[in-house]
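In this note's numbering, the protein residues as written are 181 to 695.
Don't be surprised by glycine CBs; every beta carbon is placed ideally from N, CA and C.
No experiment lies behind these values; they were computed from the predicted model shown.
A quick write-up on the structure given underneath.
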Amino acid sequence: MKRLLVPFLATVLLIGASCNGGQIKNNQGSKPNVLSINKARLKDKIKGGWAGQVIGCTYGGPTEFKYNGALIHDYQSIPWDEGRCKWYFENCPGLYDDIYMDLTFVGVFEKEGLDAPASSHAKAFAYAGYPLWHANQAARYNIMNGTMPPESGHWLNNPHADDIDFQIEADFAGLMSPGMVNVSSEICDKIGHIMNYGDGWYGGVFVAAMYSLAFFYDDVEYVVTEALKTIPAESQFYQCIDDVIAWWRQYPDDWKQNWFKYQTKWGSDIGCPDGVFRAFNIDAKINAAHIVIGLLYGEGDYSKTIDISTRCGDDSDCNPASAAGILGTIIGYDQIPGYWKKAIYPIEDVDFQYTSLSLNDVYELGNKHALENLTKNGASIDGDMINVAKEEIKPVALEINFAGHYPKEKIQLNTDISPENAEFSFSFNGIGFVLKGQAVKESPQAPDKTLEIGLYIDGEFSEKIKMPTARQKRKQEVAFKYQLSEGEHNIKVKLLAPEKNYAVRISDLLTYVAQ
């Protein structure tokens with residue numbers, strides 16, 4: 181079977197590896213115990229990783245969530261030119277949530293050091309000025325209301341626990357952990373559980389591991405398969421990516437056949453209330469498959485890698501961002517083709533929205549943190565050379581979301597609980613429910629307020645729920661509860677202390693039965 185090789189510079193040495201024709205192939209049989217890289221090449225790879233994210237995110241921007249559960253056909257052109265990044269920076273800077281989310285955690289490390297606790301990262305994330313969605317916004321609400329990590333990302337507290345959120349934000353963990361996959365996983369454990377759990381968390385662990393390995397291996401297949409060792413084999417995330425790798429070997433020249441097979445087997449989202457019973461899919465494992473398929477079928481070609489990951493659809497800016505960042509780390513900034521780099525030149529010194537950091541700043545800061553992390557974890561630095569002990573990759577703990585829960589139905593409700601009608605009740609037969617909706621005010625000019633509702637289950641008071649009208653503080657769902665006893669349940673939500681011109685708008689109801 182073919183190996184996937186990309187150009188390699190002689191400044192990276194792999195003790196015990198064999199070199200052929202200016203390229204390096206992993207000599208897995210000899211099991212080298214030391215990985216070496218010089219400082220210039222380290223920085224070049226860090227730059228390649230950060231720049232790659234921006235390039236991939238920008239390329240996929242026009243197609244994001246416009247092709248849900250569908251391929252983007254070859255005849256559908258995707259524009260690229262030297263002004264593309266500049267246009268998004270000026271007109272749609274929110275596209276780069278992949279980057280500025282990472283930079284929140286990078287900033288905490290810079291301020292408090294590499295041992296900064298999860299609580300510091302959580303508070304920086306929760307009170308940042310940027311808008312959030314899905315698992316991130318649910319976690320923000322949890323943190324603002326006293327539920328801290330890891331509980332803030334746990335599926336019993338966060339219906340979006342399997343979503344892609346940490347997967348698109350974990351690049352920094354691998355980029356600051358060259359060759360130290362287990363260290364990268366420890367960073368992900370601390371930060372990824374702020375907003376995700378289970379398969380949603382595994383997406384970030386896996387992506388970060390690929391970045392970590394990309395500093396020392398130019399064999400894309402090896403990077404993907406070794407990184408997967410971080411994930412418990414019992415998890416659906418592992419099984420999905422393992423299938424993608426197996427089908428790549430079976431259909432090495434037909435990525436669309438592979439895409440169809442894993443979409444058919446793994447494309448059903450059971451967690452995200454916005455994706456269940458819809459084509460919309462922000463589930464981490466299916467979007468991670470889009471990353472992997474781009475890397476494997478891209479065969480080390482930068483253009484093919486980005487294009488294939490994008491054309492897989494769904495979250496089609498985040499997925500090529502990860503693929504392009506990982507491949508950018510493998511080949512380094514200097515080897516990213518000029519066709520792609522020309523678009524980032526005009527914005528490399530421009531701060532990302534909601535931050536005081538530009539790409540040029542991040543190149544320096546990323547390099548600084550990588551060197552600190554290497555030193556902290558026992559790497560030796562001898563003049564210009566950095567030597568890292570090769571480690572056995574350890575799988576992280578097994579976590580399973582929504583165990584035993586199977587979606588039954590989604591019903592549109594479109595009703596308000598307000599001063600005129602302050603209660604809403606429904607019954608269902610099953611073990612769990614999610615009531616979608618949000619707090620609203622009649623006039624945009626009216627001051628934001630925090631409404632409160634009482635949740636009653638089977639006639640018993642369950643909890644008081646805060647419902648802010650402010651978008652930054654909003655609750656993603658009105659109410660949810662899992663792991664109820666199987667059978668008939670009556671649910672009531674009641675608006676406490678109703679105020680004129682304010683209401684809680686309920687959109688739909690998702691119910692679960694035992695699987």
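Can you tell me whether residue i is buried or exposed, with buried defined as 16 or more other CB within 10 angstroms of its CB?
i      : result
THR490 : buried
TRP428 : buried
GLN233 : buried
LEU676 : exposed
GLN256 : exposed
LYS521 : buried
GLU401 : buried
ASP454 : buried
ARG320 : buried
ASN322 : buried
LEU690 : buried
GLU657 : buried
LYS680 : exposed
PRO339 : buried
ALA426 : exposed
How far does the beta strand (DSSP E) with residue i in it reach, from first residue to last?
i      : result
ARG685 : 682–694
THR555 : Segment 539–556 is the alpha helix (DSSP H) holding THR555; no beta strand (DSSP E) there.
MET565 : 565–569
SER332 : Taken as a continuous stretch (DSSP letters only), SER332 belongs to no beta strand (DSSP E), as it is neither H nor E.
LEU676 : 667–676
GLU603 : 603–610
On a Cα-Cα basis, can you pick out the residue from the options that is closest to residue i?
i      : options                           : result
ILE510 : TYR268, ARG221 and ILE348         : ARG221
TYR377 : PHE532, ARG264, HIS669 and ASP463 : ASP463
TYR391 : ASP433, ASP261, LEU355 and LYS409 : LEU355
GLU600 : PRO678, VAL542, ASP351 and HIS669 : PRO678
VAL361 : PRO273, SER605, VAL568 and PRO627 : VAL568
VAL693 : LEU635, SER607, PRO627 and GLU589 : GLU589
LEU408 : LEU664, LYS574 and ILE217         : LYS574
GLU571 : GLU544, SER357, ASP628 and SER642 : SER357
ASP596 : PRO339, VAL404, LYS621 and GLU640 : LYS621
VAL363 : MET375, ILE374 and ALA350         : ALA350
TYR382 : THR630, CYS265 and ILE580         : ILE580
GLN515 : GLY546, GLN592, ILE367 and LYS227 : LYS227
PHE417 : LYS225, ALA469, GLN625 and ILE371 : ALA469
GLY380 : TRP439, LYS441, ASP433 and ASP449 : ASP449
ALA577 : GLY610, ASP369, GLU244 and GLY512 : ASP369
TRP230 : ALA626, SER665 and ILE524         : ILE524
GLN625 : GLY451, VAL456, LYS674 and TYR682 : TYR682
TYR397 : GLN419, LEU507 and SER300         : LEU507
ASP494 : LYS219, GLU244, GLN419 and LYS223 : GLU244
LEU539 : TYR519, TYR247, VAL286 and LYS219 : VAL286
VAL673 : ILE637, GLU666 and TYR280         : ILE637
Which whole-angstrom value describes the C-beta separation of residue i and residue j, a residue pair presumed to lie in contact below a C-beta threshold of 8 Å?
i      : j      : result
GLY249 : ALA559 : So it is not a contact: roughly 44 Å between Cβ atoms.
GLY702 : PHE305 : Since the first and last residues shown for the chain are 181 and 695, residue 702 lies out of range.
GLY617 : GLN695 : About 26 Å separates the two Cβ atoms, so there is no contact after all.
HIS373 : PRO329 : 5 Å
Give the range of the alpha helix (DSSP H) segment to which residue i is assigned.
i      : result
THR490 : 482–491
GLN652 : Per DSSP, GLN652 belongs to no alpha helix (DSSP H) and is neither H nor E.
THR630 : Element bounds for THR630: not the alpha helix (DSSP H) but the beta strand (DSSP E), 630–637.
GLU292 : 277–292
TYR382 : 379–394
GLN347 : Counting along the chain, GLN347 falls outside any alpha helix (DSSP H), and DSSP gives it neither H nor E.
TYR586 : It is not in any alpha helix (DSSP H) - TYR586 instead sits in the beta strand (DSSP E) that spans 585–597.
ILE561 : Where ILE561 is concerned, there is no enclosing alpha helix (DSSP H), although the beta strand (DSSP E) it sits in stretches over 560–562.
ASN325 : Element bounds for ASN325: n/a, residue is neither H nor E.
ASN581 : Segment: none, ASN581 is in no alpha helix (DSSP H) and carries neither H nor E.
I'd like to know if residue i contacts chain C, where contact means its C-beta is closer than 7 Å to some C-beta of that chain.
i      : result
LYS548 : Of the chains in the structure shown, none is chain C; there is only one protein chain.
Under 6 Å: does the beta carbon of residue i sit that close to some heavy atom of the ligand SAH?
i      : result
PHE582 : In the structure on display, the ligand SAH does not appear, and there are no ligands present to speak of.
Query raised in the report: Are three or more beta carbon pairs between the region 475–487 and the region 502–522 nearer than 8 Å?
Result: The region 475–487 is in contact with the region 502–522.
Query raised in the report: Does the region 549–558 come within contact of the region 643–658, defined as at least 3 CB pairs closer than 8 Å?
Result: Three or more beta-carbon pairs separated by less than 8 Å are not found between the region 549–558 and the region 643–658, which leaves the two stretches without contact.
**Report entry** Segment contact, 8 Å Cβ cut-off, at least three pairs: the region 295–309 with the region 630–644
**Finding:** The region 295–309 is not in contact with the region 630–644.
Query raised in the report: Do the region 265–272 and the region 289–296 meet, that is, are 3 or more Cβ pairs less than 8 Å apart?
Result: Counting Cβ pairs under 8 Å, fewer than three are found: no touch.
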